[in-house]
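Residue numbers (the numbering used here): 1209 to 1480.
All C-beta atoms, glycine included, are put in the ideal place defined by N, C-alpha and C.
Note that the coordinates shown come from a computational prediction; the quantities given were computed from them, not determined experimentally.
Here the structure is laid out as structure tokens; the discussion comes afterwards.
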Ligand code: KIV
């Protein structure tokens, strides 16, 4: 493992393969809008995921299921307009790729054509193999997503750690190997035991990005709003908050409201 960091002016799927080979960890965050995507990109993130978690954090839905393809394209095109360096990956939302592989390809093409993003991500293993193969055949880079796959929440019934049992762990390894073999450029592993995630990262040559999957993987992803501390309620063990924006924003809004009510804002210098 080398710690030498190459300076990439633009991150591509090839850069990510190189990073894994060089032992350089990959940093990935979500973004859903122009302003935050620009800040995140300028700060040097490697991958921006326009996640279907937008359904939760932007729209207030309980799950990721309701968000539509049109809504994902709207978020993705806002992000793409701001980004100069990061690779922009967009989630295929629930219901746009499971029915058949032709529909999956049409959905992926819409995302690439209408948003200008660089790649798509979709959830699942062998059950979506045909869809992934068809998308890859059209020249669209695909990232896989295994472990806790939130689009299947009603099948799981809970957001607890996946693949603790041997059978599910074995299937996850087989699925990860299949994703590598058919040509995915990377895979997200969500909420699985760290040792299992580390084993997958060792067994496949494509980058493995973890969320709640320990530190033996090739990179990490978090939901931006969670790591900025925008919400106080969502507090899984894997989440590290780098800011308490909830408190900061609340204090700023309270100060503004108070200034307006006192007639203190605007002052003489803040008017024409
Ligand atoms: O939608 C999302 O934000 C995701 C991450 C949790 C990986 O898929």
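Once you ignore the five residues that flank residue i on each side, which residues in its own chain have a CB closer than 7 Å to its CB?
| i | result |
| --- | --- |
| residue 1324 | 1285, 1288 |
| residue 1391 | 1344 |
| residue 1290 | 1242, 1245, 1246, 1249 |
| residue 1372 | 1401 |
| residue 1281 | 1318, 1319, 1322, 1323 |
| residue 1210 | With a pLDDT of only 49 at residue 1210, under the threshold of 50, the placement of this residue in the model should not be trusted; the figure read from the coordinates follows. 1230, 1231, listed in sequence order. |
| residue 1444 | 1420 |
| residue 1406 | 1422, 1424, 1425 |
| residue 1315 | 1277, 1300, 1304, 1305 |
| residue 1472 | none |
Would you say the beta carbon of residue i is closer than 8 Å to some non-hydrogen atom of the ligand KIV?
| i | result |
| --- | --- |
| residue 1272 | yes |
| residue 1238 | yes |
| residue 1353 | yes |
| residue 1467 | no |
| residue 1261 | yes |
| residue 1329 | yes |
| residue 1291 | no |
| residue 1419 | yes |
| residue 1300 | no |
| residue 1335 | no |
| residue 1436 | no |
| residue 1257 | yes |
| residue 1415 | no |
| residue 1358 | yes |
| residue 1441 | no |
| residue 1425 | no |
| residue 1398 | yes |
| residue 1395 | no |
| residue 1248 | no |
| residue 1431 | yes |
Tell me, which residues are paired with residue i by DSSP?
| i | result |
| --- | --- |
| residue 1328 | 1298, 1350 |
For residue i and residue j, which I take to be in contact (beta-carbon distance under 8 Å), what is that distance rounded to the nearest angstrom?
| i | j | result |
| --- | --- | --- |
| residue 1350 | residue 1396 | Their Cβ separation, rounded to whole angstroms, is 12 Å, which puts residue 1350 and residue 1396 out of contact at 8 Å. |
| residue 1253 | residue 1236 | 7 Å |
| residue 1348 | residue 1295 | Actually they are not in contact, since the Cβ atoms of residue 1348 and residue 1295 sit about 13 Å apart, beyond 8 Å. |
| residue 1482 | residue 1333 | Outside the displayed span of the chain (1209 to 1480) sits residue 1482, for which this structure offers no information. |
| residue 1404 | residue 1377 | 5 Å |
| residue 1313 | residue 1352 | Contact doesn't hold; Cβ gap of about 16 Å is too wide. |
Just to confirm my understanding: we take residue i, look at its own chain, exclude 5 residues before and 5 after, and list those with CB closer than 6 Å. What are they?
| i | result |
| --- | --- |
| residue 1419 | 1398, 1429 |
| residue 1361 | 1271 |
| residue 1273 | 1302 |
| residue 1306 | none |
| residue 1239 | 1245, 1248, 1256, 1287, 1432 |
| residue 1227 | 1234 |
| residue 1369 | 1399 |
| residue 1367 | none |
| residue 1299 | 1259, 1260, 1329 |
| residue 1358 | 1272 |
Keeping to the same chain, check which residues put their C-beta closer than 8 Å to that of residue i; ignore five residues upstream and five downstream.
| i | result |
| --- | --- |
| residue 1452 | 1437 |
| residue 1217 | 1293 |
| residue 1225 | 1393, 1413, 1414, 1415 |
| residue 1442 | 1434 |
| residue 1385 | 1411, 1412 |
| residue 1220 | 1295, 1326 |
| residue 1275 | 1260, 1262, 1263, 1267, 1269, 1301, 1302 |
| residue 1213 | 1232 |
| residue 1467 | 1473 |
| residue 1342 | 1309, 1310, 1312, 1313 |
| residue 1448 | 1430, 1435 |
Exercise. Mind listing, in chain order, the continuous beta strand (DSSP E) runs of no fewer than 3 residues lying wholly within the stretch 1216 to 1299?
Key: Positions of the beta strand (DSSP E) runs, each at least 3 residues long and wholly inside the stretch 1216 to 1299, are given as 1234 to 1238, 1255 to 1258, 1295 to 1299 in order along the chain.
Self-check item: Minimum length 3: unbroken beta strand (DSSP E) runs contained in the stretch 1356 to 1438
Solution: Counting only runs of 3 or more residues that sit fully inside the stretch 1356 to 1438, the beta strand (DSSP E) segments are 1394 to 1398, 1416 to 1419, 1427 to 1430, in chain order.
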